[in-house]
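Trainee: Sharing a structure with you now.
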Amino acid sequence: MRQKVSCNTTVSRHLLNEAKLLNIRLSEVFEDALCKAVAQKQKERWLKQNAEAIRKHNESISKNGTFSEQIGQFGD
Numbered sequence: 000m001r002q003k004v005s006c007n008t009t010v011s012r013h014l015l016n017e018a019k020l021l022n023i024r025l026s027e028v029f030e031d032a033l034c035k036a037v038a039q040k041q042k043e044r045w046l047k048q049n050a051e052a053i054r055k056h057n058e059s060i061s062k063n064g065t066f067s068e069q070i071g072q073f074g075d
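Oh and the sequence shown: position 31 is 30 in numbering that gives the first Met the number 0, straight run, nothing missing.
Written out as structure tokens, the structure is:
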């Protein structure tokens with residue numbers, strides 16, 4: 000089980016009041032949104048860090064084809 004910690008943040012008073020009226024659990028919404036934002040930033044960082052390798056791989060595939068293309072399909 001993940002350990003939870005508290006944090007402080009600010010939000011529009013009107014939005015907070017509406018959320019309370021609708022029984023929206025702020026911690027759940029915040030954690031879900033934060034998980035998505037972290038995952039997106041990690042993806043962007045990974046793509047940036049690996050851009051050169053991805054470019055070289057794609058270049059190799061364009062030039063030489065895929066492994067399966069080189070050996071042919073079963074039953075040929």
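Even glycine gets a Cβ: it sits at the ideal position worked out from N, Cα and C.
Quick check on this structure: which residue in Thr65, Glu68, Ser26, Arg44 has the alpha carbon closest to the alpha carbon of Val4?
Mentor: The shortest C-alpha separation from Val4 is found at Ser26.
Trainee: Taking 7 Å as the limit between beta carbons, can you name the residues of its chain near Gln2, skipping five residues before and five after?
Mentor: Cβ neighbours of Gln2 beyond the five flanking positions: none.
Trainee: Quick check: what's the CA-CA separation for Arg67 versus Asn49?
Mentor: According to the sequence as given, residue 67 is Ser; it is not Arg. When rounded, the distance between both Cα atoms is 24 Å.
Trainee: What residue range is occupied by the uninterrupted alpha helix (DSSP H) comprising Gln48?
Mentor: 25-48
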